[in-house]
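Written out below as structure tokens is the structure these notes cover.
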Amino acid sequence: MDHELFPERVAWRTGPVITGHVVRLLEGYSRELRVGQPVLVAVLGTAGLFRVTLLLLASVLRAGAAGGARRRWTELRKGPEFLVTPLRLRDDTGVLCELEIHGHLPQSALEPRDHIQVTVRSQKDAGLAPRVEKIVNLTTGQLLTPRVPTVWSHLGPALLLQAVIGLLLVGGITAGIVLAT
Numbered sequence: 000m001d002h003e004l005f006p007e008r009v010a011w012r013t014g015p016v017i018t019g020h021v022v023r024l025l026e027g028y029s030r031e032l033r034v035g036q037p038v039l040v041a042v043l044g045t046a047g048l049f050r051v052t053l054l055l056l057a058s059v060l061r062a063g064a065a066g067g068a069r070r071r072w073t074e075l076r077k078g079p080e081f082l083v084t085p086l087r088l089r090d091d092t093g094v095l096c097e098l099e100i101h102g103h104l105p106q107s108a109l110e111p112r113d114h115i116q117v118t119v120r121s122q123k124d125a126g127l128a129p130r131v132e133k134i135v136n137l138t139t140g141q142l143l144t145p146r147v148p149t150v151w152s153h154l155g156p157a158l159l160l161q162a163v164i165g166l167l168l169v170g171g172i173t174a175g176i177v178l179a180t
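Residue numbers (numbering that gives the first Met the number 0): 0 to 180.
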């Protein structure tokens with residue numbers, strides 16, 4: 000049978016653990032991680048309160064404007080992009096399975112014909128192949144865990160610190176008002 004005209008059918012096994020041999024790592028592409036609007040509004044609102052406090056303090060002390068380069072709402076809302084690499088493996092029963100690896104792995108971590116054991120989880124979108132959480136390369140003895148950027152790493156430690164301080168300011172003001180009444 001001609002495999003060009005009649006390609007082998009690919010299955011999506013949901014696991015949780017699949018053992019098999021790597022058939023092929025397909026070309027990776029980027030996918031965007033969405034940031035929820037309520038989370039973004041809460042973080043930017045409390046961080047904005049801290050920035051306003053800093054600006055008032057800076058104007059009183061005549062130290063100049065506080066803060067550095069700010070990212071726009073659309074940039075923060077867009078979210079980080081991460082690498083998605085489709086992986087095809089033939090499991091122990093001979094079924095060809097397609098999975099997705101999210102994040103970066105060392106280039107030599109997986110080679111065709113490597114015997115691997117993967118832990119997978121189905122994705123929220125049912126139209127996507129299961130996502131690989133952990134890979135144990137039984138051929139080389141490596142344990143591989145792909146890392147994906149999160150909403151919190153996208154927002155950055157500076158913005159999150161400002162949001163926490165802003166939240167503390169709101170709590171302090173609220174406590175002062177409650178105690179005063």
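Heads up, the beta-carbon is just placed ideally off N, CA and C, and yes, glycines get one too.
(message) Residues in the same chain with beta-carbon distance under 6 Å from G165, minus the five sequence neighbours each way, listed in chain order, please.
(response) So the list reads T45, A46, L48, F49, once near-sequence residues are dropped.
(request) For A179, I'd like the list of residues in its chain whose CB is within less than 6 Å of its CB, leaving aside the five on either flank, ordered along the chain. (result) Within the same chain, and ignoring the five residues on either side of A179 in sequence, no residue has its Cβ closer than 6 Å to its Cβ.
(message) In whole angstroms, give me the CA-to-CA distance for S107 and L53.
(response) Rounded to the nearest whole angstrom, the C-alpha separation of S107 and L53 is 49 Å.
(message) DSSP three-state label for A108, please.
(response) In this structure, A108 counts as coil in the three-state DSSP scheme.
(message) Going by DSSP in three states, G19 sits in which element: helix, strand or coil?
(response) In this structure, G19 counts as strand in the three-state DSSP scheme.
(request) Out of V16, P145, S29, point me to the one whose CA is closest to P105's CA. (result) Comparing alpha-carbon positions, the option among V16, P145, S29 lying closest to P105 turns out to be P145.
(request) Report the rounded CA-to-CA distance for L139 versus G19, giving the unit in angstroms. (result) The sequence given here has Thr at residue 139, not Leu. Answer to the nearest angstrom: the Cα atoms are 14 Å apart.
(request) Apply the 10 Å Cβ neighbour rule to R130 and answer buried if 16 or more other Cβ atoms are within range, or exposed otherwise. (result) The residue is buried, with at least 16 neighbouring Cβ atoms inside 10 Å.
(request) State the Cα-Cα distance for the pair A128 and I176, rounded to the nearest angstrom. (result) Between the alpha carbons of A128 and I176 lies a gap of roughly 53 Å.
(request) Rounded to whole angstroms, what's the CA-CA distance from L158 to V117? Just pull it up for me. (result) Whole-angstrom Cα-Cα distance: 36 Å.
(request) Answer yes or no: do G102 and V147 have a C-beta to C-beta separation smaller than 9 Å? (result) Taking 9 Å as the Cβ cut-off, G102 and V147 qualify as a contacting pair.
(message) If you follow the beta strand (DSSP E) that L82 is in, where does it begin and where does it stop?
(response) Note, L82: beta strand (DSSP E), 80-90.
(request) Please work out which residues of its chain come closer than 7 Å, Cβ to Cβ, to Q161, disregarding the five sequence neighbours upstream and downstream, and give them in chain order. (result) For Q161, where only same-chain residues beyond five positions count, the Cβ hits under 7 Å are A46, F49, R50.
(message) Under DSSP, the alpha helix (DSSP H) around T173 begins and ends at which residues?
(response) Going by DSSP, T173 is part of the alpha helix (DSSP H) stretching over 156-179.
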